[in-house]
Amino acid sequence: MTAIVTADGLRKSFARRGAPPTPVLDGLDLEVEEGTVLALLGPNGAGKTTTVRILSTLLRPDAGRVTVAGLDVVADARRVREVISLTGQQVAVDDKLTGAENLTMMGHLAHLPRRAVHSRVEELLAAFDLTAAAGRRVGTWSGGMRRRLDLAAGLLTRPRVMYLDEPTTGLDPRSRQALWDVVRDVVAGGTSVLLTTQYLEEADRLAQSVALVDGGRVVAEGAPAQLKREVGEAGVELDLATAADAARVARVLGSTTVDGTRVRVPTDGSVSHVRSVLVTVEDTGVVPEHWAVRAPTLDDVFLALTGGPGGAERPATAEAAA
Amino acid sequence: MTALLQDVTTLSVRGLRLVRRDLDSMITAVVLPVVILLLFVLVFGGALDTGTEYITYVTPGVILLAAGFGAANTALAVERDMSGGMVERLRSMPVAAWTVLTGHVVASLVKNLVSTAIVFGVSILMRFRPEATALEWVAAVGVILLFVGWITWLAALVGVLVRSPDAASGFTFGVMFLPYVSSAFVPVETLPTWLRGFAEHQPVTPVIETVRALLAGGSVPGEVVALALAWCLGLGLASAVAAGLAFRARR
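Taken in order, these protein sequences are the chains called L and V. Residues 1 to 322 in this note's numbering are what the first sequence lists, from first letter to last. Residues 1001 to 1251 in this note's numbering are what the second sequence lists, from first letter to last.
Structure follows, in structure tokens:
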């Protein structure tokens, strides 16, 4: 396998009025293998969007180097733009134009051969299940449909690399599912994808590899299965009356995380495993006030893989200031 | 080069569609100029003595005033493209992204051509009797479009610079003011001396005088025409270059 996107030591700071420049990227490295999906997983402000903007030629890095399909994003920006497509956080379609008009316009701007535009537009409208609505103005469409059109607009030229910046934020579960299907189809068609997300589940469903981003750098990476092994697919959470009870339960259960009076045990979610956990707890004689099986959150991932919570509340590292 | 031309065409078609389907733009382009014309001629006109039929005097001024109002729509449209995802997407594509501004300017020129035709049509119904030859008509409309071009590039610059729709529409207030303090509605000689100085030396006055003289079929003083063209072309070019630079600088 070869890497189609590589980023080495990306640094970027943004100047703020009356304050020293804030580092947003602090030596970020990543690689997207050709024909796969890489998910950048991280909280708000981790540097995900800045990374995507640099990788898609919109922003120059202060330091570091990016190549896409062997082309340098700074020196060969124009040629890079011919092989990528970017679907940003904001939907980039005109509400006052119809679906078909939006795609046709983008087809012309992408410099597709004039005669090919019409058939490609029809093809994409059908593939994204938008044919019936194609003649209506996009302003009357649902959020999920607008997102699908936005993705379709990025696929007119069959790009080699597609960047998706939080593509499912604000979508209902069904639209999210539909969008995941679309991304899988895109990858099956040979396009490599880099997507950013705040949802562990999304990274798990779509990506062959996940890079956990925090404080402008990749803090952990690997295949979703590997991350899940470390984090646990789900957890049995027990709320106990006192911290002492929590400590006692944690001791007998073994591999747990304790947060005040809450104890969390990783589980595969099977009946037998959950039952054995509950039996073990019952045998200690301590009665939990409440318990539940819960899927891991982004916080759990950070806790398990970096030993600390992600996000702004974490103190800046010494290197960030250097 | 052909690719660039193709992009400008595509984005101009887009700009026109956006204007045509925006109720606010259409009212500003079609209804508002006629209302202003009726207001000036029927309400104020009786009290104003400009030495000619007031409708003959005021028609060019109404057209330029309408161009100012319409420019605010352009500023808004550009602001929407900048803050929405459209410019981001264009910048990640192999297109010269600034051509999106050209698309809005072309749309504005076409829109104002329509407004101009409507205002002339209504004022002719109201006994406006221009004596211009066909060539003088073309020249008059040409000067109007040069003025519209400048105002629209300025609006595009405003749209690139501002960070909110409110700030973009605040632009109207500024450009609305210019035709009022010119010879568009009253002769500058009737203004107080300190204001007259400004009125005589701002771009709208020579543009108005040129259009008025062309339509009256009389001779146009060469230096007034030169001044009108210099203002429109100079400011237009400066605004377009500034808009292009600001567009590139804003990341």
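In this text, a Cβ means the ideal position worked out from N, Cα and C, and glycines have one as well. Bear in mind the structure is a predicted one, so any value in this text is a computation, not a measurement.
Collapsing the DSSP output to three states places A1066(V) in a helix. In the DSSP assignment, T6(L) falls within the beta strand (DSSP E) that extends over 3–16. Taking the Cβ atoms as the reference, I1144(V) lies roughly 20 Å from T1102(V), outside the contact range of under 8 Å. D1007(V) has a beta carbon lying within less than 8 Å of a beta carbon in chain L.
For A234(L), no alpha helix (DSSP H) segment is defined; the enclosing uninterrupted segment is the beta strand (DSSP E) at 234–239. The alpha-carbon separation between V1106(V) and P224(L) amounts to approximately 51 Å. The three-state secondary structure of E101(L), taken from DSSP, is helix. Collapsing the DSSP output to three states places V32(L) in a strand. Using a Cβ-Cβ cut-off of 8 Å, E1088(V) counts as an interface residue toward chain L, since at least one Cβ of chain L sits closer than that to its own. Counting C-beta atoms within 10 angstroms of its own C-beta, H290(L) has fewer than 16 neighbours from the protein chains shown and is therefore classed as exposed. If the five residues before and after V1095(V) are omitted, its C-beta is found closer than 6 Å to the C-beta atoms of D1007, all from its own chain and listed in chain order. In this structure, the straight-line span from the alpha carbon of A132(L) to that of A1216(V) is close to 56 Å. Among the residues of chain L, those whose CB is under 7 Å from the CB of A1003(V) are H111, following chain order.
Non-local C-beta neighbours of A1139(V) in its own chain, meaning closer than 6 Å and more than five positions away in sequence, comprise L1214, ordered along the chain. Taking a Cβ-Cβ cut-off of 9 Å, the neighbours of V91(L) in chain V comprise G1084, G1085, given in sequence order.
The DSSP-derived three-state label of V1106(V) is helix. By the beta-carbon neighbour count (other beta carbons within 10 angstroms, threshold 16), T1133(V) is exposed. Around the beta carbon of G1068(V), 16 or more other beta carbons sit within 10 angstroms, so the residue counts as buried. Its chain contains D95, K96, L97, T98 as the residues whose beta carbon lies nearer than 8 Å to that of R137(L), once the 5 sequence neighbours on both sides are disregarded; these appear in chain order.
With contacts defined by Cβ atoms closer than 8 Å, L28(L) and A7(L) form a contacting pair. Look at the region 43–61 of chain L: the residues with a C-beta under 7 Å from a C-beta of chain V are S56, T57, L58, L59. Counting only runs of 3 or more residues that sit fully inside the region 55–106 of chain L, the beta strand (DSSP E) segments are 63–68, 84–87, in chain order.
Between L10(L) and G64(L), the C-beta spacing is below 8 Å. Excluding its 5 nearest sequence neighbours in each direction, V263(L) has C-beta neighbours in its own chain below 6 Å: L238, A246, V249, A250, T256, listed in chain order.
For Y199(L), there is no enclosing beta strand (DSSP E), as DSSP gives it neither H nor E. In the structure shown, the three-state DSSP call for L1048(V) is coil. At least one CB atom of chain V sits nearer than 8 Å to the CB of E82(L). Against G88(L), the close residues of chain V are G1085, E1088, R1089, S1092, in the order they occur along the chain (beta-carbon pairs closer than 9 Å). For K12(L), no CB of chain V lies under 8 Å from its own CB, so it is not counted at the interface with that chain.
The contact set of L97(L) on chain V, defined by CB atoms closer than 9 Å, consists of R1014, R1017, L1018, R1021 in chain order. Residue range 1193–1200 is occupied by the alpha helix (DSSP H) that includes W1194(V), with no beta strand (DSSP E) assigned at that position.
N44(L) is classed as exposed because its beta carbon has fewer than 16 other beta carbons within 10 Å across all chains shown. Secondary structure of R1250(V) (DSSP, three-state): coil. Linking A1167(V) to T169(L) through their CA atoms gives a straight-line distance of about 29 Å.
Annotation: the continuous alpha helix (DSSP H) that includes L125(L) extends over 114–127. Using a Cβ distance threshold of 8 Å, V219(L) and L227(L) do not count as a contacting pair.
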